[in-house]
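Residue numbering for the sequence shown follows the UniProt record's numbering, starting at 1 and increasing by one per position. The C-beta atom is built at its ideal place from N, Cα and C for all residues, glycine as well. Below: one structure, written as structure tokens.
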Amino acid sequence: MAVDRHGSPDRVKVLLDANALMMPGQFGIDIYDELRMLVGDYDAVTLEDVVAELSGLARGRGKDAAAARIGLAMAGRSTIVPSMSDRRYVDERMVEYAEREGCIVVTNDRNLRKTLLRLGIAVVTMRKQKTLELIRG
């Protein structure tokens with residue numbers, strides 16, 4: 001297993017995007033327990049840009065807004081970090097952070113997943129709307 005930047009052996013850093021944090025509200029998936037089964041001990045990380053994205057979605061109405069509010073609560077269980085990037089789009093910031101920090105990324109976004117896998121970055125994605133699966137990049 002990887003050693004994170006803080007020197008904790010056997011703990012991998014897992015970066016959560018907005019749609020990953022919305023999975024509990026949309027599909028009833030406990031992403032934190034599922035991740036523990038997939039990767040063992042890990043440190044969950046969320047970019048502050050993702051929290052801002054969820055905050056905007058949470059102001060709306062309907063199922064997506066409700067899932068975003070749950071996602072905000074879920075984000076509170078991870079370390080919120082600045083992306084330290086001047087990239088325009090959140091997905092680009094996610095890719096840059098994952099490359100820099102050596103993270104596994106949790107996303108259900110098809111384009112982001114393709115980009116990450118092409119760069120050799122492992123991705124956790126939803127499978128059959130019931131569980132998560134790890135795809136090595």
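Subject >> alpha helix (DSSP H) runs wholly inside the UniProt domain "VapC9 PIN-like" (14 to 128), at least 4 long, in chain order >> reply: 18 to 27, 31 to 39, 48 to 58, 63 to 75, 90 to 101 and 110 to 118
Subject >> Distance, proline 82 Cα to arginine 118 Cα >> reply: 24 Å
Original post:
Can you list, in chain order, the residues of its chain whose CB lies under 7 Å from that of glutamate 34, leaving out five sequence neighbours each side?
Top reply: Thr131 and Leu132
Original post:
Which residues in the same chain have their Cβ closer than 7 Å to the Cβ of leucine 116, if we skip the five residues on either side of it in sequence?
Top reply: Val95, Ala98, Val105, Val123 and Gly137
**OP:** Give the straight-line distance between the Cα atoms of valine 90 and leucine 16, rounded to the nearest whole angstrom.
**Re:** 12 Å
Original post:
Is methionine 74 buried or exposed, if buried means 16 or more other CB atoms sit within 10 Å of its CB?
Top reply: buried
Original post:
Can you give the Cα-Cα distance for glycine 120 and glycine 102, rounded to whole angstroms?
Top reply: 10 Å
**OP:** Quick one: using the 10 Å Cβ neighbour count with 16 as the cut-off for buried, is residue 163 buried or exposed?
**Re:** Within the shown structure, residues of the chain are numbered from 1 to 137, placing residue 163 beyond reach of any answer.
Subject >> Own chain partners of serine 85 with C-beta closer than 8 Å, once the 5 adjacent residues on each side are dropped >> reply: Glu92, Arg93, Glu96 and Tyr97
Subject >> Euclidean distance between Cα positions of proline 24 and alanine 68 >> reply: 10 Å
Original post:
lysine 114: which of Ile135, Gly71 and Arg36 sits nearest, CA to CA?
Top reply: Ile135
Original post:
Closest by CA to threonine 46, which one among Gly40, Arg110 and Leu21?
Top reply: Leu21
**OP:** Within the same chain, show all residues whose beta-carbon is closer than 8 Å to that of alanine 65, passing over the 5 residues directly before and after it, in chain order.
**Re:** Leu57, Ala58 and Arg59
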